[in-house]
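All residue numbers for the sequence shown refer to this note's numbering, where the first residue is 9 and numbers rise by one.
Report on the structure given below.
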Amino acid sequence: MFPKLVNESALKIPVKPSVDTEMKSLKHILNPHLRQTVLHPTNPFQVELLSGCPLEHHQSEIIARQSQSVFKKHLQVIYPISSKLWSEEMEENEWKDNEIVTVLQKQISTADNQIRRGFLRWVALPEVIEPMISRQRKNGSVEDTKRQHSDDCTKNVKEFPTSKILAFWDENWYIKGECSTKSYMEEIILLEMIDLHPSVRCSAIFKAASIGMRYLVSVPHGIGEDVKWVPHGSHVATCVKCLPDNILEALQRILADPNEDVKISAALSLFCLHQGNEQAADILRGALNSSSLLKRWVAAYCLGYFCLWNSDIINELIKQIFMMPKSEKMMHGIQLLITLSEETDLVQLLLAEYLSSNSCHERQMTCSILSKLRSQMKKDISGKLLDLFWLEWNADVKMLAAYCLGCNNQGKRFHDDLLNKLDCSDDSIRRKALWIIGQFSK
């Protein structure tokens, strides 16, 4: 056995132990005389309150803020207890611990709304109960559920994707439609719909659409009244009685408005409320020929979402996605193309035309989107991707083309082609094949 090769002189060198430096905080910056006055809260509610985060809604039991944090209050119990609590009509499960406040709130909300002293007095700081927005995975797809405030209670309501259509169109108007449910809103909206100024009419349309979309309820397809205009996923229909009949009739009449923007707003609102018709669809098809990028985008997105696609609509979506910076708007467009690929091969065929584009960005985006499509890849498109992989000068496009082949179950074809390159008599081709193998082994 050989002796261990150890440098004995290295063991004699003194090494100072490392000490972690303390991170600078507020106490290192402030004047020493002010450090004693600084609050250091540990309760999450105090941290949210002192940070200045805006309030989302404030109920008798729940406090929600725009940071997606929800807090539950700890309220004191009042005495004497009402006779309704110990009467025979009360359910036994309402006598559980920490539920007496909820029972008293039901009594006050349903009775004469008397003001009782000490009823809303806190006995402890609120505690976090759940996030404001939760994401639930059902059947392999992620659905957003948003907590919204209703008249008497707070309940989970599905956020309909059609709200994104109005959000896209709102970039042109900055209206941010109101969601008020007061009784006089109906008369005001009807008056604003016949106003002289187009901006006022558009504002009224947004208000009506936002109020109606708030009461859209998803029901299984085939139950209740049939809906003609159903979005992607025909197993989901929606309640059609979401607005009064006079407002829906007014929206139908606005489709004949002389102003183009007002007509587009009315057509989009009717589709978002699942009340679309041929006249509204024709208005959106006409908007595809507009010089405005925004008008063409919202028209193509809305028609594509409601299964009224054709080659012009899909091509418009692809063109604008390639021109957009990376944003949420672009992600929604790509997701719509992925959904459309389940119904038609036009998405795959029109995207394949950009594989031979002169723009490196377009080739990169094309490979990225093709790898996410849910349709079976055509043999000629896989051949184009294979040629693009060997002939492309950009390394990112080259790797995306290989990744796209792998995502579409074309990996065997790629490996067979790589084996043929290794058996080739040309030294440069063999060196290139070996370099590719080395890149994939990293």
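Positions of the beta carbon are idealized from the N, C-alpha and C atoms, including for glycine.
query = Residues in its own chain within less than 7 Å of P353 by CB, not counting five upstream and five downstream?
reply = The identity of residue 353 in the sequence shown is Asp, whereas the question assumes Pro. So the qualifying residues of the chain are S383.
ask   = Mind checking M221: buried by the 16 CB within 10 Å criterion, or exposed?
value = buried
Continuous beta strand (DSSP E) stretch holding L83: start and end = S77 to L83
ask   = For G241, which of helix, strand or coil comes out of DSSP?
value = Only weak support exists for where G241 lies, its pLDDT of 39 falling under 50; the value from the coordinates is given anyway. Note: G241 maps to coil in three-state DSSP.
key: Collapsed DSSP secondary structure at R371 in the structure displayed   = helix
ask   = To the nearest angstrom, how far is it from the Cα of C432 to the Cα of V405?
value = 24 Å
query = Among the residues of its own chain, which have a CB less than 8 Å from the CB of P25, if the five just before and after it don't count?
reply = none
query = Is the segment 305-321 touching the segment 248-265 in the sense that three or more CB pairs, one from each, lie closer than 8 Å?
reply = By the C-beta criterion, the segment 248-265 is judged not to be in contact with the segment 305-321, since fewer than 3 inter-stretch pairs fall below 8 Å.
message = Distance check for A72 and S158, CA to CA, integer angstroms please.
response = Since pLDDT at S158 reaches only 36, below the 50 mark, its modelled position is unreliable, and no value is offered.
ask   = Taking the alpha helix (DSSP H) that R129 falls in, what are its first and last residues?
value = Counting along the chain, R129 falls outside any alpha helix (DSSP H), and DSSP gives it neither H nor E.
inquiry  = Since A288 and L278 should fall inside the 8 Å C-beta cutoff, what is the C-beta to C-beta distance between them, to a whole number of angstroms?
reply    = 5 Å
ask   = Mapping DSSP to helix, strand and coil, what is D435?
value = helix
Straight-line gap, F314 to A212 (C-alpha atoms, nearest Å) = Straight-line Cα distance between these residues: approximately 24 Å.
key: Sub-8 Å separation of F79 and V136 beta-carbons   = yes
query = For the putative contact between V270 and P206, defined by C-beta atoms under 8 Å, what is the C-beta separation to the nearest angstrom?
reply = 5 Å
query = Hey, would you say P134 sits closer than 8 Å to H82, going by beta carbons?
reply = Cβ distance < 8 Å, so P134 and H82 count as in contact.
message = Using the Cβ count rule (16 or more neighbours within 10 Å means buried), how would you classify H41?
response = exposed
ask   = Should D160 be labelled buried (16 or more other beta-carbon atoms within 10 Å of its own) or exposed?
value = Caution applies to D160, whose pLDDT of 35 falls short of 50 and renders its modelled position unreliable; the value that the coordinates give is listed next. Looking at its Cβ environment, which holds fewer than 16 other Cβ atoms inside 10 Å, D160 is exposed.
ask   = Whose C-alpha, out of V46, I173, H369 and I37, is nearest the C-alpha of K337?
value = With respect to the C-alpha of K337, the residue from V46, I173, H369 and I37 having the closest C-alpha is I173.
Closest by C-alpha distance to M373, when choosing among I321, A216 and Q328 = Comparing Cα-Cα distances from M373 to each of I321, A216 and Q328, the minimum goes to Q328.
ask   = Hey, would you say Q356 sits closer than 8 Å to K386, going by beta carbons?
value = yes
request  = Determine the DSSP secondary structure at L363, reduced to helix, strand or coil.
outcome  = helix
query = Going along the chain, which residues of its own chain have a beta-carbon closer than 7 Å to the beta-carbon of R261, five neighbours each way excluded?
reply = Excluding the 5 residues flanking it on each side, R261 has no same chain C-beta neighbour closer than 7 Å.
Option in N402, L381 and L442 with minimal Cα separation from R371 = N402
query = According to DSSP, what are the bridge partners of R73?
reply = L63
message = Please give me, in chain order, every unbroken run of the alpha helix (DSSP H) with length at least 4 that falls completely inside the segment 288-359.
response = 301-313, 319-331 and 336-348
key: Residues that E135 bridges to, as DSSP identifies them   = K80
query = Is the Cβ of K440 closer than 8 Å to any Cβ of chain C?
reply = Chain labels in this structure do not include chain C; a single protein chain is all it has.
key: Cβ-based neighbour list, E6, same chain, cut-off 6 Å, excluding 5 preceding and 5 following   = One cannot answer for residue 6 here, as it falls past the ends of the chain, which runs 9 to 450.
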